[in-house]
Amino acid sequence: MSNNNFNQIDLKEAKNIIIDSLKYIFVVASICAIVPLILRIDIKIFGTFNHESSLLEWFQLLCLLLTITIFTRLSFKIPNLKRASMLIAAFYLVLFIRENDDIFDLVYHGFWAPWAGFIALFAIVYTFKDWEKGVLELATYLKIPHMKLMMFSVMFLFVFSRLFGMGSFWRQVMQDNFVYEVKAMIEEGTELLAYGLILYSAYLIYKYLVNEKI
Numbered sequence: 064m065s066n067n068n069f070n071q072i073d074l075k076e077a078k079n080i081i082i083d084s085l086k087y088i089f090v091v092a093s094i095c096a097i098v099p100l101i102l103r104i105d106i107k108i109f110g111t112f113n114h115e116s117s118l119l120e121w122f123q124l125l126c127l128l129l130t131i132t133i134f135t136r137l138s139f140k141i142p143n144l145k146r147a148s149m150l151i152a153a154f155y156l157v158l159f160i161r162e163n164d165d166i167f168d169l170v171y172h173g174f175w176a177p178w179a180g181f182i183a184l185f186a187i188v189y190t191f192k193d194w195e196k197g198v199l200e201l202a203t204y205l206k207i208p209h210m211k212l213m214m215f216s217v218m219f220l221f222v223f224s225r226l227f228g229m230g231s232f233w234r235q236v237m238q239d240n241f242v243y244e245v246k247a248m249i250e251e252g253t254e255l256l257a258y259g260l261i262l263y264s265a266y267l268i269y270k271y272l273v274n275e276k277i
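Okay, so the sequence shown: first residue is 64 according to this note's numbering, each after it adds one.
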């Protein structure tokens with residue numbers, strides 16, 4: 064196969080590509096390593112795992128809060144993508160509210176749902192009240208290479224984490240030795256991994272959009 068079939072790059076560009084790839088690997092590996100480290104600290108401090116008041120839960124909320132901040136900032140920094148940026152920020156705000164359901168439950172069980180529903184409905188109406196503009200902005204986001212990592216991370220959160228953390232599955236695995244704290248640690252740990260990857264992809268998207276000056 065002729066070398067002409069490949070895009071020609073110079074040595075400087077090749078070095079930058081390799082360095083960027085190594086940085087990417089390092090950050091993703093660090094996120095993967097941080098999750099079990101936080102779980103160990105939780106056990107060391109509290110002696111057991113209570114996901115509602117754990118260090119791991121606080122890190123989940125921090126990741127979501129920073130992700131919301133990034134897309135809210137993008138909505139002001141890049142007016143051409145304001146609608147789509149607010150839609151994505153609202154999506155993670157809904158997740159943030161859901162993660163704080165124990166606080167909302169102090170009013171009544173499920174009190175988080177109407178608030179999350181209102182925010183989701185408002186964001187959808189705001190984004191698509193001008194249908195064409197909303198679709199074009201959303202498509203612009205979906206073209207960004209780093210959105211693939213974000214979409215994978217969201218599916219990892221909604222599908223893998225939920226299925227892998229099901230109580231019925233772990234009861235089958237551990238049978239009479241079933242321990243709820245173990246099941247909760249596994250489920251919450253995979254959720255934190257997803258939130259960490261979501262935050263990293265949000266940072267990469269922010270960096271890409273600012274550099275591209277869309």
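C-beta atoms are modelled at their ideal positions from N, C-alpha and C, and glycine is treated no differently.
**Asked** How is the alpha helix (DSSP H) around D164 delimited, first residue to last?
**Response** 164-167
**Message:** Just verifying my parser: in three-state terms, what is the DSSP assignment at P99?
**Reply:** helix
**Message:** Rounded to whole angstroms, what is the Cα-Cα separation between W233 and T190?
**Reply:** 41 Å
**Item:** CB of A147 within 8 Å of CB of T135, strictly
**Value:** no
**Request:** Could you please give the first and the last residue of the uninterrupted alpha helix (DSSP H) stretch that includes S224?
**Result:** 224-227
**Message:** Distance check for A265 and M210, CA to CA, integer angstroms please.
**Reply:** 8 Å
**Prompt:** Taking Cβ to Cβ, would you say L144 is nearer than 8 Å to E200?
**Reply:** yes
**Request:** Give a yes or no on whether the C-beta atoms belonging to L30 and F122 are separated by under 8 Å.
**Result:** Outside the displayed span of the chain (64 to 277) sits residue 30, for which this structure offers no information.
**Request:** Compare the C-alpha of L262 against each of L74, K78, K86, I94 and name the closest.
**Result:** I94
**Message:** With a threshold of 7 Å on Cβ separation, who are the neighbours of L158 within its own chain once the five nearest residues in sequence on each side are excluded?
**Reply:** L127
**Request:** With a threshold of 16 other CB atoms inside 10 Å of the CB of F139, please say whether the residue is buried or exposed.
**Result:** exposed
**Asked** Where does the unbroken alpha helix (DSSP H) through P177 begin, and where does it stop?
**Response** 175-191
**Message:** Does the region 222-231 come into contact with the region 239-250, if we say contact requires no fewer than three beta-carbon pairs (one atom in each stretch) closer than 8 Å?
**Reply:** yes
**Request:** Starting from the C-beta of F215, find all residues in its chain whose C-beta is less than 8 Å away, skip the five residues before and the five after it, and write them out in chain order.
**Result:** L260
**Request:** Pick out whichever of F241, L267, E250, V242 has its Cα sitting closest to the Cα of V98.
**Result:** E250
**Request:** Can you give me the Cβ contacts of Y269 inside the same chain, cut-off strictly under 7 Å, excluding the 5 residues immediately before and after it?
**Result:** I133, L137
**Message:** For a quick check, are the C-beta atoms of I182 and L150 less than 8 Å apart?
**Reply:** no
**Message:** Helix, strand or coil for Q238? Go by DSSP, reduced to three states.
**Reply:** helix
**Prompt:** Just the Cα atoms here: how many angstroms apart are N163 and V236?
**Reply:** 29 Å
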